[in-house]
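Residue numbers (the numbering used here): 495 to 828.
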């Protein structure tokens, strides 16, 4: 997959024969969206505000850290937010599944467990997202965040936000399989805002803002004891393990912290086992929070987590406050 992603973002010539398939894919996605707009397919309209934070492109963009930040930000302002997720990579015996920090990622998926731990707020997963949303509403949530779900049109939404890697952008601008896009770039004309993880390198037809992922602490995976970024709790060169959508970003962050490391990139949502953390030396192993939730049961004493937090620009917060005020006003006068 990494070779294909690299080709998408440098628009490799060998992708050209795939362009007709990309055209068919884009047409199918457009027809599907129009079916929901016309009412041919049913859309469930939630009785509380719902914000979708999704991707237009395949691969990691920093979406989940933004979801965690926004959930905490809403709670600080008096809302009772809940987080809805598909639970990618998880397989539960029964849905909807209410997720806690102790829930197995094998049941819930890695990102929902991570979000439950990072926010302390209600998280529910279900392949049928409206069903998960109804569970959260019944539990007292008065606003919902959908972690991903931009293409899950069965669930109505009040605000659509697209997160994109500022440096990589939307690659060659083509749909799957000739490019990284899940929908054509024209889809951006219908969303409410685009948020770049880092400065955006291209003009967009909708409001756009930026955020940055900032390292917040080192955390020992065994006992969850935390240390400040400046007080690195390990010495020497480390093994950097990353089973995320864009491992290079994690490696760049470590380099920015002057950590010497040997990179170990893995596929997004990689199913870790003890062997992935075993190396022939006794050097520390450093990983992301998303990977860490899958390694809790077999991690060793040399395993460390680099936690990061989303830091959105103040302009995004101002825009969000305005949109939420407008939604509240619509409810009060509806």
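Yeah, the Cβ is synthetic: ideal placement off N, Cα and C, and Gly gets one too.
List the whole-angstrom C-beta distance separating residue 523 from residue 639, where the pair is believed to meet the contact cut-off of C-beta under 8 Å.
-> Position 29 of the chain shown holds residue 523. Position 145 of the chain shown holds residue 639. With 8 Å as the limit, residue 523 and residue 639 do not qualify as a contact, their Cβ atoms being about 24 Å apart.
Per-residue DSSP class, three states only, for residue 588 | Residue mapping note: residue 588 aligns to position 94 of the chain shown, counting from 1. The answer is coil: DSSP assigns residue 588 none of H, G, I, E or B.
Scan the region 521-609 and note each continuous beta strand (DSSP E) run of 3 residues or more that stays entirely inside, going in chain order.
-> 544-548, 575-579, 591-593
Residue 513 and residue 672 look like a contact to me (Cβ under 8 Å); what is the Cβ gap, rounded to whole Å?
-> For the purposes of this step, residue 513 is identified with residue 19 of the chain shown, where counting begins at 1. For the purposes of this step, residue 672 is identified with residue 178 of the chain shown, where counting begins at 1. The Cβ separation is near 5 Å, so the contact holds.
Give the single residue among 676, 762, 705, 717 whose Cα lies nearest to the Cα of residue 735.
-> In the chain shown, residue 735 corresponds to position 241, counting from 1. The residue with the shortest Cα to Cα distance from residue 735 is 762.
Hey, residue 555 and residue 657: beta-carbon distance below 8 Å or not?
-> Numbered from its first residue, the chain shown carries residue 555 at position 61. Numbered from its first residue, the chain shown carries residue 657 at position 163. Taking 8 Å as the Cβ cut-off, residue 555 and residue 657 qualify as a contacting pair.
In terms of alpha-carbon separation, which member of 539, 609, 713 lies closest to residue 647?
-> Start at 1 with the first residue of the chain shown, and residue 647 comes out as number 153. Residue 539 is the option with its Cα nearest to residue 647.
Determine the burial state of residue 535: buried for a count of at least 16 other Cβ atoms within 10 Å of its Cβ, exposed for fewer.
-> Stepping through the chain shown from its first residue, residue 535 is reached at position 41. The residue in question, residue 535, is exposed, as its Cβ has fewer than 16 Cβ neighbours within 10 Å.
Candidates 614, 601, 587, 580: which alpha carbon is nearest residue 595's?
-> On the chain shown, residue 595 is found 101 positions in, with the first residue counted as 1. Closest option to residue 595, Cα to Cα, is 614.
6 Å CB neighbourhood of residue 727 in its chain, flanking five on each side removed | Position 233 of the chain shown, counting from 1, holds the residue named residue 727. Here the set comprises 712, 721.
For residue 786, does the count of other Cβ atoms within 10 angstroms reach 16, so buried, or fall short, so exposed?
-> Residue numbering aside, residue 786 sits at position 292 when the chain shown is read from its first letter. Buried, since its Cβ has 16 or more Cβ neighbours within 10 Å.
Roughly how many angstroms separate the alpha carbons of residue 715 and residue 793, rounded to a whole number?
-> Start at 1 with the first residue of the chain shown, and residue 715 comes out as number 221. Start at 1 with the first residue of the chain shown, and residue 793 comes out as number 299. Distance between the alpha carbons of residue 715 and residue 793 is about 7 Å.
Determine, using beta carbons only, whether residue 750 comes closer than 8 Å to chain B.
-> Protein chains in the displayed structure number just one, and chain B is not present.
If we ignore side chains and look at the alpha-carbon of each, how far apart do residue 663 and residue 732 end up?
-> Mapped onto the chain shown, residue 663 falls at position 169. Mapped onto the chain shown, residue 732 falls at position 238. Rounded to whole angstroms, residue 663 to residue 732 spans 30 Å at the Cα level.
Member of 738, 748, 741 whose CA lies at the smallest distance from the CA of residue 723 = Walking along the chain shown from the start, residue 723 turns up at place 229. Looking at the Cα atoms, 748 is the closest of the given residues.
Going by Cα to Cα distance, which pick from 527, 504, 509 is closest to residue 678?
-> Start at 1 with the first residue of the chain shown, and residue 678 comes out as number 184. Answer by Cα proximity: 527.
Any idea which residues DSSP pairs residue 690 with across the strands?
-> Stepping through the chain shown from its first residue, residue 690 is reached at position 196. For residue 690, which the question treats as bridged, DSSP gives the partners 658, 704.
Just to confirm, are residue 589 and residue 625 a CB contact at a threshold of 8 Å?
-> For the purposes of this step, residue 589 is taken as residue 95 along the chain shown, with counting starting at 1. For the purposes of this step, residue 625 is taken as residue 131 along the chain shown, with counting starting at 1. Cβ atoms of residue 589 and residue 625: closer than 8 Å.
Span separating the alpha-carbon of residue 699 from that of residue 655 | As a position in the chain shown, residue 699 is number 205, starting the count at 1. As a position in the chain shown, residue 655 is number 161, starting the count at 1. Rounded to the nearest angstrom, the two C-alpha atoms are 13 Å apart.
Relative to the alpha-carbon of residue 689, which residue among 801, 669, 659, 666 has its alpha-carbon at the smallest distance?
-> What you label residue 689 is simply residue 195 of the chain shown in a count that begins at 1. Among 801, 669, 659, 666, the Cα nearest to that of residue 689 belongs to 659.
Assuming residue 709 and residue 779 make a contact with CB atoms under 8 Å, what is their CB distance in whole Å?
-> Taking the first residue of the chain shown as position 1, residue 709 is located at position 215. Taking the first residue of the chain shown as position 1, residue 779 is located at position 285. Contact doesn't hold; Cβ gap of about 17 Å is too wide.
Short check: CB of residue 581 to CB of residue 606, under 8 Å?
-> Here residue 581 refers to the residue found at position 87 of the chain shown. Here residue 606 refers to the residue found at position 112 of the chain shown. Yes, the pair counts as a contact, with Cβ atoms nearer than the cut-off.
Residues of its chain near residue 770, where Cβ-Cβ distance is below 7 Å and the 5 sequence neighbours each way are ignored = Start at 1 with the first residue of the chain shown, and residue 770 comes out as number 276. Cβ neighbours of residue 770 beyond the five flanking positions: 735.
For residue 561 versus residue 609, is the C-beta spacing smaller than 8 Å?
-> For this step, residue 561 is matched to residue 67 along the chain shown. For this step, residue 609 is matched to residue 115 along the chain shown. In this structure, residue 609 lies closer than 8 Å to residue 561 by Cβ.
Identify whether residue 812 lies in helix, strand or coil by the three-state DSSP scheme.
-> As a working mapping, residue 812 is identified with position 318 in the chain shown. In the structure shown, residue 812 sits in a helix (DSSP, three-state: H, G or I).
Residue(s) in a DSSP beta bridge with residue 800 | Residue 800 sits at position 306 when you count from the first residue of the chain shown. Per DSSP, 712, 782.
Since residue 757 is in the beta strand (DSSP E), which residue starts that stretch and which ends it?
-> Counted from its first residue, the chain shown places residue 757 at position 263. Residue 757 -> beta strand (DSSP E) spans 755-759.
Which residue or residues does DSSP assign as beta-bridge partners of residue 519?
-> Numbered from 1 along the chain shown, position 25 holds the residue referred to as residue 519. DSSP output for residue 519 lists no bridge partner at all.
Local conformation of residue 734 per DSSP, three classes | What you label residue 734 is simply residue 240 of the chain shown in a count that begins at 1. Strand.
Looking at residue 705 and residue 807, is the spacing between their C-beta atoms short of 8 Å?
-> Here residue 807 refers to the residue found at position 313 when the chain shown is read from its first residue. Here residue 705 refers to the residue found at position 211 when the chain shown is read from its first residue. Yes. Within cutoff.
Is residue 823 helix, strand or coil when you go by DSSP?
-> On the chain shown, residue 823 is found 329 positions in, with the first residue counted as 1. Looking at residue 823 - three-state DSSP - the assignment turns out to be helix.
Considering only the beta carbon of each residue, do residue 632 and residue 616 sit closer than 8 Å?
-> Here residue 632 refers to the residue found at position 138 when the chain shown is read from its first residue. Here residue 616 refers to the residue found at position 122 when the chain shown is read from its first residue. Taking 8 Å as the Cβ cut-off, residue 632 and residue 616 do not qualify as a contacting pair.
Simplified DSSP assignment, three categories, for residue 621 = Numbered from its first residue, the chain shown carries residue 621 at position 127. If DSSP states are grouped into helix, strand and coil, residue 621 belongs with coil.
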